[in-house]
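Notes follow once the structure below has been shown.
Protein chains: 2
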Amino acid sequence: MTARPRRREPQLLAFPVYRGVTPLDLVGPLTVLRNLTGTAYRTVVVGARTDPLPTDTALQVVPTATFADVPAPFALIVPGSGPATQAAMADEALVGYVRSAAATARLVGATGNGALILAAAGLLTGRRAAAHWAHAEQLEESGVTWARERWVEDGRFLTAAGGAAGIDAMLALLARLKSRSAAQLAQLFMEYDPEPPFGPLGPDRGDPELAALLRQPGRRTTHTDHPADRR
Amino acid sequence: MTARPRRREPQLLAFPVYRGVTPLDLVGPLTVLRNLTGTAYRTVVVGARTDPLPTDTALQVVPTATFADVPAPFALIVPGSGPATQAAMADEALVGYVRSAAATARLVGATGNGALILAAAGLLTGRRAAAHWAHAEQLEESGVTWARERWVEDGRFLTAAGGAAGIDAMLALLARLKSRSAAQLAQLFMEYDPEPPFGPLGPDRGDPELAALLRQPGRRTTHTDHPADRR
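Sequences listed follow chains A and B, in order. Numbered per the working numbering, the first sequence finishes at 231, counting up by one with no gaps. Numbered per the working numbering, the second sequence finishes at 462, counting up by one with no gaps.
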């Protein structure tokens, strides 16, 4: 058993990262949770080592602490990726950390398809979880009920769908850990008030052919493998 | 004069970064532009050096190339920050790079308050530009007309407002550089279809007191200095 931090010590919300992580799944939440300033809560990005890691964009990211530095965070929130999630699910250092940190964490979360990594650690069996819609089937195959929602809570598990959905989930979390007005200020400050040039699109709204194309068997793990990207 | 890349060589969209950069201003655009796969265009994150840089969140980022490596990109797109933008505007290596790369770039852009850095390089005088609403006054003081829009084009200058607005602007750019369906797929894949728990908020909609609080003199450059964050 690891001792809980005493009152007044920082309560850490740890975001474990790995090779190929999707930075939006990480950065949206971190941006919202900047507004925890003035509370006992603080975010930290953890990795097996503090070396630069490639992401699935042109950016590299660097954890500021190791898994060993943050053995018992208040919250553990796992960002997703595209194809790299499959390797992450088999990464013993990562999955072992997720399992042990989750054992004492008050809140266990995931964004994007990070729920697959929680499932690989055996944490979601029999639970409802949100995840990127393109990974719903794979999540269900691991004994989890996929929730067709932007984010969902089941006990101490808070899981979000892909990309921007992590922002929605973290706004709700910020409201709980600090205040509703703090969440509103965060939302306002990050101009989370979209005007996408081709209108709103979701797997269940907009052009259904677009979503269907992305869900072709064998292609569900990455949009960059999509035939439309090869033109 | 630097030679233009010949046809078939990658056409680079360079994102210069600096200490304290706001990662959402960078990661939103990079995520959209992943879908340039299959075209001659490619994103690259450049810095004075390829050392890790702190951001205004718990994340550190690492440029994968130096300014010297990418002297004449096809496009230059400058992400913003909070208070760190003021230091960036006085950073000669950064501003010098922005000025020289912009001289030959076909497209010069900014997200967040990155327009202030373009203005510091003397590039926006007399032009209309978008920028994070909290920095509108400062932008106007440098001889630029602030556009109250998510993003705006003026000649070869494409500027976006803060945070998520960079996503809107890059969806429009992706449609132009590749196709409208590529932009729709990117939007769908990143689940850019918000359901913020407290409804939509913008500087001109939602609770006007919230926006007014953030615009208090001397506080406009950072939300973390906001009194509501000190509770």
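Even for Gly, the Cβ is constructed at its ideal location relative to N, Cα and C. Nothing here was measured: the structure is a model prediction, and the numbers come from that model.
- For L210 (chain A), the residues of chain B that pass the 8 angstroms Cβ criterion are S412, Q415, L416 and L419, in the order they occur in the chain.
- For the pair of segments examined, the segment 351–360 of chain B was found to touch the segment 373–393 of chain B: the number of CB pairs separated by less than 8 angstroms reaches three.
- Only exposed fits G353 (chain B), as fewer than 16 other CB atoms lie within 10 angstroms of its CB.
- Residue state for G259 (chain B) is assigned as helix, using DSSP reduced to three classes.
- For R265 (chain B), the nearest beta carbon of chain A is closer than 8 angstroms to its own beta carbon.
- It is roughly 10 angstroms from the alpha-carbon of I398 (chain B) to the alpha-carbon of A414 (chain B).
- When 8 angstroms is used as the limit between beta carbons, F198 (chain A) is near these residues of chain B: L402, A406, R411, A414, Q415 and Q418, in chain order.
- L290 (chain B) belongs to the set of residues whose beta carbon lies under 8 angstroms from a beta carbon in chain A.
- Contacts with chain A at 8 angstroms (Cβ-Cβ) include H363 (chain B).
- Within the segment 354–392 of chain B, the complete beta strand (DSSP E) segments at least 3 residues long are 382–385 and 388–391, listed from N- to C-terminus.
- DSSP places G96 (chain A) within a helical segment (H, G or I) once states are collapsed to three.
- Closest in C-alpha terms to P285 (chain B), from the list B:V383, B:L441, B:A315 and B:T295, comes B:A315.
- For F246 (chain B), there is no enclosing alpha helix (DSSP H); the residue is part of the beta strand (DSSP E) that begins and ends at Q242 to P247.
- Sequence-ordered contacts of the segment 145–168 of chain A with chain B read R150, A161, G162, G163, A164, A165, I167 and D168 [C-beta pairs closer than 8 angstroms].
- What T274 (chain B) touches in chain A, judged by beta-carbon distance under 8 angstroms, is T57 and A58, going in chain order.
- In terms of Cβ geometry, A102 (chain A) and T159 (chain A) do not form a close pair [threshold 8 angstroms].
- Of the residues B:A336, B:A299 and B:V248, the one whose Cα lies closest to the Cα of S312 (chain B) is B:V248.
- If you look at A306 (chain B), you'll find it isn't in any alpha helix (DSSP H); it sits in the beta strand (DSSP E) that goes A306 to V309.
- Under a criterion of Cβ atoms nearer than 8 angstroms, the residues of chain B adjacent to Y192 (chain A) are, in order, G394, A395, P425, P427 and L432.
- In this structure, DSSP gives L107 (chain A) an extended state, which the three-state scheme calls strand.
- Put simply, the segment 278–294 of chain B does not touch the segment 417–436 of chain B. Fewer than three CB pairs are less than 8 angstroms apart.
- The beta-bridge partner set that DSSP reports for S312 (chain B) consists of B:V252.
- The three-state reading of DSSP puts L290 (chain B) in coil, since its state is none of H, G, I, E or B.
- Contact annotation: A65 (chain A) and T43 (chain A) have beta-carbon atoms that are not nearer than 8 angstroms.
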